[in-house]
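A short write-up of the structure that comes next.
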Amino acid sequence: MPLISEIVSDINKLSLSEQKSELESSFPELLVVKPKQERVGLPPLDGAENGKVITRFPPEPNGYPHIGHAKAAIIDEEYAKMYGGKLILRFDDTNPENERLEYYAAIKVGLDWLGVKYDQIKNTSDDMELIYKKGLEMIESGNAYVCTCDKETISKNRREMKACKCRAGDHDQNIKRWHDMFEKYKPGEAIVRFRGDMQSENTVMRDPAMFRIIDEIHPLLIDKYRVWPNYDFAVAIEDSIDGVTHAFRTKEYELRNELYYTILDKLGMRKPKMFEFSRLEFEGMPVSKRILKPLVQDGKVSGYDDPRLPTLEALRRRGIVPEAIRKFVLSLGFTKSDTLAPFDTLESFNRKIIDVTSIRLFMVTGPVKIIVKNNKLTEVELPNHPQRDMGKRRVELDGNFYISGEDAKTLKVRDQIRLIELYNVKITKIGSEIEAEYTGNDFKAEFPKIQWIPQKSAVKLNILIPKTLFVNEKFNEYSLETKQAYTESHYLELNEGAEIQFVRFGYCRKDSAMQAIYTHK
RNA sequence: GCUCCUGUGGUGUAGUCCGGCUAAGCAUACCGCCCUCUCAAGGCGGUGAUCCCGGGUUCAAAUCCCGGCGGGAGCACCA
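If you use my numbering, the first sequence corresponds to residues 32 to 552, in order.
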């Protein structure tokens with residue numbers, strides 16, 4: 032050690048260039064800078080082999096897909112793609128109380144829209160027989176038992192780390208009770224429990240439920256089964272038999288990893304690698320069904336496609352495109368840190384994508400009439416896009432226009448303004464209507480440039496402006512603003528769903544002939 | 001309360017595993033300028049982080065160790 036410090040201090044006495052040249056002559060290999068280049072996209076997957084990666088997206092068909100689903104599905108797909116592997120879409124439909132046929136469909140539609148392509152589609156409920164077999168196996172091997180205690184007792188025991196008498200039941204009792212679950216017991220009277228460790232620090236290991244009785248109609252299997260596996264047991268079995276190599280789920284499941292691996296261990300089944308990532312939710316835009324459902328029921332929002340919501344359908348209607356969502360999700364990375372997702376960034380990605388294809392149209396809000404006294408033009412051609420060749424449109428004129436109230440407010444008599452792409456005008460009178468006179472065609476940079484709509488062909492339009500749904504945990508009564516506006520008649524010729532940039536206003540998506548939804552600035 | 005996870009500019013992240021090449025890259029937001037008959041897009045530039053705090057190890061720490069603190073989650077016969 033002393034020798035080392037001596038040498039180091041010797042070296043430190045040399046100047047930087049002397050050190051450098053010494054290095055170059057004696058140890059050139061040390062100067063080679065390691066590649067360490069910037070990574071693009073998701074981080075490499077632990078233990079991933081090219082062509083052998085299988086991921087899965089396992090939504091429960093109990094609601095409409097939202098941005099959270101999008102994050103999971105995109106990550107699942109990206110990793111499968113990255114390693115030339117496969118993505119399985121698996122509906123985790125083991126609770127007939129929640130599942131509905133329309134949700135299976137809605138999720139597929141959502142993925143389709145997102146452009147997430149899966150290689151295989153299945154339902155957990157397809158494998159009920161196998162799951163029963165594995166359940167029985169667990170009972171036979173003593174790794175599970177049937178518990179007939181009531182809910183409260185079980186919960187209390189788990190909190191207090193105590194075992195109940197059912198845990199001590201012998202093999203025959205368990206087998207008999209297992210069969211009784213299919214016939215005799217009523218819902219709530221008996222569950223199969225995994226024999227974990229009631230003393231475990233990890234509460235999920237304290238003999239969690241593996242099967243319970245539910246007498247409800249399943250959307251696919253109707254009344255074929257009434258003993259249903261719980262999540263932990265079902266995913267473990269499914270992931271294993273589906274050949275999943277890498278499974279991803281959100282952070283709140285993290286404590287369940289121990290259970291997941293233990294179950295597979297006890298069954299001697301192949302174990303996928305499990306990873307978790309943070310949930311994606313926007314500020315003031317909750318994703319939870321518990322919160323959204325009452326909103327829809329009470330009519331506080333128009334439905335699951337209300338543009339204020341984070342559902343895929345709502346995002347679509349609002350004018351957010353799938354590519355933007357994908358870029359956005361990827362920009363968040365694969366991390367476990369809790370984040371308040373920046374909606375700004377999503378909008379920015381979106382804006383760049385749609386800017387190129389959005390037609391530019393004039394639109395005025397809070398319209399005020401303006402009359403150009405000596406107008407001589409009867410028609411003008413306006414370009415549909417400033418850079419790209421998207422054609423032109425003809426607009427007929429007679430000197431009677433609308434301009435935005437906002438713009439009108441700033442005008443004073445004798446002001447000169449430029450009606451965009453038209454001509455210059457001088458204000459001569461301001462009243463309930465504004466009067467002006469034509470002063471020339473030459474473009475003058477110093478004049479304010481204002482968009483206009485001819486009165487005779489103006490199309491009445493509602494602009495819906497979605498705002499933050501919840502402010503400080505409370506429903507924001509003003510979360511949806513409606514603006515009365517006029518736009519050009521050309522609007523009527525656009526397809527529904529067309530993205531428009533209203534000049535000096537922002538991007539909007541055509542929702543119907545009389546309504547557009549504000550996408551973003 | 002207990003257990004687990006997490007903590008880099010206003011925001012989201014890269015780098016952290018394998019300490020030096022970066023007193024920290026990118027994106028977004030913001031501010032200028034250029035371009036433009038839009039407050040958009042595009043181009044250029046800028047402001048902004050003592051890498052949660054305090055110790056320690058080391059010639060050298062965002063990176064390793066210890067101790068705090070902040071945030072989140074779980075503690076369901078729901079996934």
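Don't be surprised by glycine CBs; every beta carbon is placed ideally from N, CA and C. Every value quoted in this text rests on a predicted model; they were computed, and no experiment measured them.
Residue interval of the alpha helix (DSSP H) (run including aspartate 296):
Residue mapping note: residue 296 aligns to position 265 of the first sequence, counting from 1. It spans 288-298 - the alpha helix (DSSP H) in which aspartate 296 sits, taken as one unbroken run.
Residue range of the beta strand (DSSP E) that proline 260 falls in?
Here residue 260 refers to the residue found at position 229 of the first sequence. 258-260 is the span of the beta strand (DSSP E), which, as asked, contains proline 260.
Proximal residues to glutamate 220 (C-beta, below 8 Å), its chain only, five neighbours per side dropped
Mapped onto the first sequence, residue 220 falls at position 189. Closer than 8 Å at Cβ, skipping near neighbours: Thr179, Ile244.
For the beta strand (DSSP E) that serine 543 lies in, which residues bound it at each end?
For the purposes of this step, residue 543 is identified with residue 512 of the first sequence, where counting begins at 1. Start and end: 537-543.
Integer-rounded CB distance, given that lysine 102 should sit under 8 Å from valine 318:
Residue 318 sits at position 287 when you count from the first residue of the first sequence. Residue 102 sits at position 71 when you count from the first residue of the first sequence. Actually they are not in contact, since the Cβ atoms of valine 318 and lysine 102 sit about 10 Å apart, beyond 8 Å.
When you compare the CB positions of valine 490 and phenylalanine 393, do they come within less than 8 Å of one another, or not?
Here residue 490 corresponds to residue number 459 of the first sequence, with the count starting at 1. Here residue 393 corresponds to residue number 362 of the first sequence, with the count starting at 1. With contacts defined as CB atoms closer than 8 Å, valine 490 and phenylalanine 393 fail to qualify as a contacting pair.
How do the segment 275-287 and the segment 304-315 stand: do at least 3 beta-carbon pairs fall below 8 Å, yes or no?
Judged by Cβ distances under 8 Å, the segment 275-287 makes contact with the segment 304-315, as three or more pairs qualify.
Considering only the alpha carbon of each residue, which of Pro414, Lys324, Phe313 lies closest to leucine 369?
Indexing the first sequence from 1 puts residue 369 at position 338. Note that residue 369 is aspartate in the sequence shown, not leucine. The candidate whose alpha carbon is nearest that of aspartate 369 is Phe313.
DSSP three-state call for arginine 391: helix, strand or coil?
To locate residue 391, count along the first sequence from 1; it is residue 360. Looking at arginine 391 - three-state DSSP - the assignment turns out to be strand.
Can you tell which of Thr293, Lys217, Lys498 has the C-alpha that lies nearest to the C-alpha of aspartate 228?
Looking up residue 228 in the first sequence gives position 197. Of Thr293, Lys217, Lys498, the residue nearest in Cα terms is Thr293.
Taking a contact to mean a Cβ-Cβ separation below 8 Å, would you say tyrosine 454 touches lysine 400 in this structure?
Counted from its first residue, the first sequence places residue 454 at position 423. Counted from its first residue, the first sequence places residue 400 at position 369. The answer is no: Cβ separation not under 8 Å.
Touching or not, the segment 376-383 and the segment 395-411, by the rule of three or more beta carbon pairs under 8 Å?
Contact annotation: the segment 376-383 does not touch the segment 395-411, with fewer than three C-beta pairs closer than 8 Å.
With respect to the alpha helix (DSSP H) encompassing lysine 182, which residues constitute its N-terminal and C-terminal limits?
Position 151 of the first sequence, counting from 1, holds the residue named residue 182. Membership of lysine 182 in the alpha helix (DSSP H) is indicated by the continuous run 182-191.
For asparagine 154, which residues does DSSP report across the bridge?
Locating residue 154 in the first sequence gives position 123, where the first residue counts as 1. Answer is Phe122.
Length-filtered (3 minimum) beta strand (DSSP E) runs lying within the segment 497-522:
Listed in chain order, the beta strand (DSSP E) runs fully inside the segment 497-522 are 511-518, counting runs of at least 3 residues.
Where does phenylalanine 308 sit, in a helix, a strand or coil, going by DSSP?
Taking the first residue of the first sequence as 1, we reach residue 308 at position 277. Correct three-state label for phenylalanine 308: strand.
Out of Leu428, Tyr135, Arg424, point me to the one whose CA is closest to asparagine 406's CA.
As a working mapping, residue 406 is identified with position 375 in the first sequence. Among Leu428, Tyr135, Arg424, the Cα nearest to that of asparagine 406 belongs to Leu428.
Just the Cα atoms here: how many angstroms apart are glycine 141 and leucine 118?
Counted from its first residue, the first sequence places residue 141 at position 110. Counted from its first residue, the first sequence places residue 118 at position 87. Roughly 16 Å between the two C-alpha positions.
Inter-residue spacing [alpha-carbon to alpha-carbon] between arginine 121 and asparagine 129
If you number the first sequence from 1, residue 121 lands on position 90. If you number the first sequence from 1, residue 129 lands on position 98. Each residue's alpha carbon lies about 16 Å from the other.
Report yes if the CB atom of methionine 300 is closer than 8 Å to the CB atom of arginine 237, and no otherwise.
As a working note, residue 300 is residue 269 in the first sequence. As a working note, residue 237 is residue 206 in the first sequence. Result no, Cβ atoms of methionine 300 and arginine 237 do not sit closer than 8 Å.
Identified DSSP bridge partners for lysine 148
Indexing the first sequence from 1 puts residue 148 at position 117. DSSP, once it has assigned bridges, lists no residue as partnering lysine 148.
Could you tell me which residues DSSP pairs with glutamine 546 in its beta bridges?
Residue numbering aside, residue 546 sits at position 515 when the first sequence is read from its first letter. Its beta-bridge partners are Asn493, Ser543.
List the whole-angstrom C-beta distance separating isoleucine 390 from asparagine 415, where the pair is believed to meet the contact cut-off of C-beta under 8 Å.
For the purposes of this step, residue 390 is taken as the residue at position 359 of the first sequence. For the purposes of this step, residue 415 is taken as the residue at position 384 of the first sequence. Going by Cβ atoms, the distance from isoleucine 390 to asparagine 415 rounds to 5 Å, so yes, they are a contact pair.
What do you reckon, are the CB atoms on threonine 125 and alanine 267 nearer than 8 Å?
Numbered from 1 along the first sequence, position 94 holds the residue referred to as residue 125. Numbered from 1 along the first sequence, position 236 holds the residue referred to as residue 267. Contact flag unset, no.
Return the first residue and the last residue of the alpha helix (DSSP H) that proline 325 is part of.
Your numbering for residue 325 matches position 294 in the first sequence. Proline 325 -> alpha helix (DSSP H) spans 320-328.
CB of glutamate 160 within 8 Å of CB of aspartate 123, strictly
On the first sequence, position 129 is the one that residue 160 refers to. On the first sequence, position 92 is the one that residue 123 refers to. Their beta carbons are not under 8 Å apart, which means glutamate 160 does not touch aspartate 123 by this criterion.
Are the beta-carbon atoms of leucine 323 and leucine 346 separated by less than 8 Å?
Start at 1 with the first residue of the first sequence, and residue 323 comes out as number 292. Start at 1 with the first residue of the first sequence, and residue 346 comes out as number 315. With respect to leucine 346, leucine 323 sits apart: the two C-beta atoms are not nearer than 8 Å.
If you draw a straight line from the C-alpha of lysine 255 to the C-alpha of glutamate 269, how long is it?
Numbered from its first residue, the first sequence carries residue 255 at position 224. Numbered from its first residue, the first sequence carries residue 269 at position 238. One C-alpha to the other measures close to 20 Å.
Give the secondary structure of glutamate 477 by DSSP, where H, G and I count as helix, E and B as strand, and everything else as coil.
The count along the first sequence starts at 1 and reaches residue 477 at position 446. In the displayed model, glutamate 477 falls within coil according to three-state DSSP, outside both helix and strand.
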